[in-house]
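Everything below concerns the one structure shown next.
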Amino acid sequence: MTRTSPSPADQRLIDLAAQRGAQVTARHLERWRSRPDPLLPFHRRDYPGRPSGGSSSTADDGLVDLVVWLARNRRPGTDRRYLALRAFGAGLPVPEETIRRAFARPAHHLAEQLRRGFGSLPQSGDLQEWVYDGAAAVAGTRARRLSAAQRRIQAIDRQVRAQPGLASGWQFAAELDPGAAEAEPLGRTGMLFHSVIAAMAGPGEMTTDTLARAARGFVAEGTPQWTAHLLETDPRDPLAALSATPLHQLPGVPADSLANHLYTVARETPIERLRAAWSAAGEIPGWAETTCAAVEAELSAGQVAQATSGWSIDMITGANRVYLLDGLSEPNPTPGEQALAAVQLIMAADAFNTTLVTTDDDGREAMRLMAPPFLLGLLTVE
Numbered sequence: 097m098t099r100t101s102p103s104p105a106d107q108r109l110i111d112l113a114a115q116r117g118a119q120v121t122a123r124h125l126e127r128w129r130s131r132p133d134p135l136l137p138f139h140r141r142d143y144p145g146r147p148s149g150g151s152s153s154t155a156d157d158g159l160v161d162l163v164v165w166l167a168r169n170r171r172p173g174t175d176r177r178y179l180a181l182r183a184f185g186a187g188l189p190v191p192e193e194t195i196r197r198a199f200a201r202p203a204h205h206l207a208e209q210l211r212r213g214f215g216s217l218p219q220s221g222d223l224q225e226w227v228y229d230g231a232a233a234v235a236g237t238r239a240r241r242l243s244a245a246q247r248r249i250q251a252i253d254r255q256v257r258a259q260p261g262l263a264s265g266w267q268f269a270a271e272l273d274p275g276a277a278e279a280e281p282l283g284r285t286g287m288l289f290h291s292v293i294a295a296m297a298g299p300g301e302m303t304t305d306t307l308a309r310a311a312r313g314f315v316a317e318g319t320p321q322w323t324a325h326l327l328e329t330d331p332r333d334p335l336a337a338l339s340a341t342p343l344h345q346l347p348g349v350p351a352d353s354l355a356n357h358l359y360t361v362a363r364e365t366p367i368e369r370l371r372a373a374w375s376a377a378g379e380i381p382g383w384a385e386t387t388c389a390a391v392e393a394e395l396s397a398g399q400v401a402q403a404t405s406g407w408s409i410d411m412i413t414g415a416n417r418v419y420l421l422d423g424l425s426e427p428n429p430t431p432g433e434q435a436l437a438a439v440q441l442i443m444a445a446d447a448f449n450t451t452l453v454t455t456d457d458d459g460r461e462a463m464r465l466m467a468p469p470f471l472l473g474l475l476t477v478e
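All residue numbers for the sequence shown refer to this note's numbering, where the first residue is 97 and numbers rise by one.
As structure tokens, then:
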């Protein structure tokens, strides 16, 4: 029920907001505190005890920035969790449970999509056979032509490979990856097939050979691929960070489903690391466009400079190909898409960090140089 008049603590927030030019009412404050997914924390409560008894709320002046932000950014019909994510990304004290639910939302959506695509979990029979049959059906219905982002990346790849000034670099790279010429990279349908398997049954279903073929699938066939070569020859498990069964389980999917890993990251990651990952995910589209545009400008001018050389190195290492494609494909991600990208960045960083524990100083320095700037802050390479 709406108060007939605001409490003294709320009135102070209203007055402080008004001093900044933001019109806020007691009803606004009530709505922002309402469940589910409250946007505004409650005031602290004081309990003076006997003989006065009772309690009273004390205005938290630290909330005024959030109140002003909400007043300026509220829109009719705006998704509350999207609003919460944007406020959180701005460094404001949105209630933690609301934020975690917002970051966990993509995991719920993935679980729902998998349940619809695969049907109910079998009560008996071969679970792996069910997963592989379902993945084949999903991949068969979702296979599509090259996207504009994929065509753009491939066009740059072809031009970079044809640059005479890079010939010695390609020769050196070929010596690092002698199996490139005979390798069989995953095509688009194969990539989708194995991605769906991992999403339903868990990353453990992705063998290192499959990961290597996937890495090769992001560049032109026959291109030397150092990451793929390492996957084929390095005994360390690149998915060791995801080997444990997730702490949280969503209904209707196997225990190791990627949906459960995403959900666990959203629920368990320290809140400040979630904020850092949110910020990093927001940088991906701009980074991808700037990277491509810089290479295209050098190619158009007929000169091989820093951007083109960096692109060739990226083709060889494969470190950034997924992020290039994601950034170009979603130049203006919704808050929900950015939240999913943030959780995926944390998972990727955890996988890298697990490997870095057994890497020498030279390996750490190489990772620092190869990693895209938005990911670097999440890696233990300092």
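Idealized CB from N, CA, C, for every residue including glycine.
- Query: So, do the region 461–478 and the region 405–420 have three or more beta carbon pairs nearer to each other than 8 Å?
  - Reply: yes
- Query: Just to confirm, are A311 and A324 a CB contact at a threshold of 7 Å?
  - Reply: Taking the first residue of the sequence shown as 1, we reach residue 311 at position 215. Taking the first residue of the sequence shown as 1, we reach residue 324 at position 228. Yes, the pair counts as a contact, with Cβ atoms nearer than the cut-off.
- Message: I need the DSSP call for M466, collapsed to helix, strand or coil.
- Response: Counting from 1 along the sequence shown, the entry for residue 466 is found at position 370. Three-state DSSP puts M466 in a helix.
- Measuring alpha carbon to alpha carbon, tell me which of D106, G432, H139 ends up nearest A180. The residue given as residue 180 occupies position 84 in the sequence shown. It is G432 whose Cα lies nearest to the Cα of A180.
- Message: For the alpha helix (DSSP H) containing T404, name the first residue and the last one.
- Response: By 1-based counting over the sequence shown, the position of residue 404 is 308. Its alpha helix (DSSP H) spans residues 402–413.
- Query: So, is L343 buried or exposed, given that buried needs 16 or more other C-beta atoms within 10 angstroms?
  - Reply: Within the sequence shown, the letter at position 247 stands for residue 343. Looking at its Cβ environment, which holds fewer than 16 other Cβ atoms inside 10 Å, L343 is exposed.
- Sort E394, P429, Y359 by Cα distance to P381 and report the nearest one. Your numbering for residue 381 matches position 285 in the sequence shown. Checking every option, the nearest Cα to that of P381 belongs to P429.
- For N169, count neighbouring Cβ atoms within 10 angstroms of its own Cβ and tell me buried if that reaches 16, exposed if not. In the sequence shown, the residue the question calls residue 169 occupies position 73. That one is exposed.
- Item | CA-to-CA distance, P350 to V400, given in whole angstroms | Numbered from its first residue, the sequence shown carries residue 400 at position 304. Numbered from its first residue, the sequence shown carries residue 350 at position 254. About 49 Å.
- Specify, as a first and last residue, the run of the alpha helix (DSSP H) that N449 falls within. Residue 449 sits at position 353 when you count from the first residue of the sequence shown. It spans 431–452 - the alpha helix (DSSP H) in which N449 sits, taken as one unbroken run.
- Would you report the Cα separation of A403 and A244, rounded to the nearest angstrom? As a working mapping, residue 403 is identified with position 307 in the sequence shown. As a working mapping, residue 244 is identified with position 148 in the sequence shown. Looking at the two C-alpha atoms, the distance is approximately 21 Å.
- Task: Go ahead and pull the three-state DSSP assignment for E328.
- Result: For this step, residue 328 is matched to residue 232 along the sequence shown. In this structure, E328 counts as helix in the three-state DSSP scheme.
- Message: Short of 7 Å in beta carbon distance, which residues of its chain neighbour T476, apart from the five on each side in sequence? Order them along the chain.
- Response: As a working note, residue 476 is residue 380 in the sequence shown. Here the set comprises N449, L452.
- Query: Just to confirm, are V315 and S408 a CB contact at a threshold of 7 Å?
  - Reply: On the sequence shown, residue 315 is found 219 positions in, with the first residue counted as 1. On the sequence shown, residue 408 is found 312 positions in, with the first residue counted as 1. Contact: no.
- Sequence ranges, alpha helix (DSSP H) only - wholly within the region 255–322, length at least 4: 263–272, 284–297, 304–312
- Item | Segments of 4+ residues assigned as alpha helix (DSSP H) that fall wholly inside the region 172–257 | 176–185, 192–214, 223–238, 244–257
- Message: Taking 7 Å as the limit between beta carbons, can you name the residues of its chain near Y228, skipping five residues before and five after?
- Response: Working through the sequence shown from its first residue, we reach residue 228 at position 132. If we look at Y228 and ignore the five residues flanking it on each side, its Cβ neighbours are I293.
- Message: What would DSSP say about G459, mapped onto helix, strand or coil?
- Response: Position 363 of the sequence shown, counted from the start, is the residue given in the question as residue 459. Helix.
- Message: Only counting the same chain, and skipping five residues up and downstream in sequence, which positions put a Cβ closer than 8 Å to that of T304?
- Response: Against the sequence shown, residue 304 aligns to sequence position 208. Counting only Cβ-Cβ distances below 8 Å, and skipping sequence neighbours, we find L327, E328, D333, P334.
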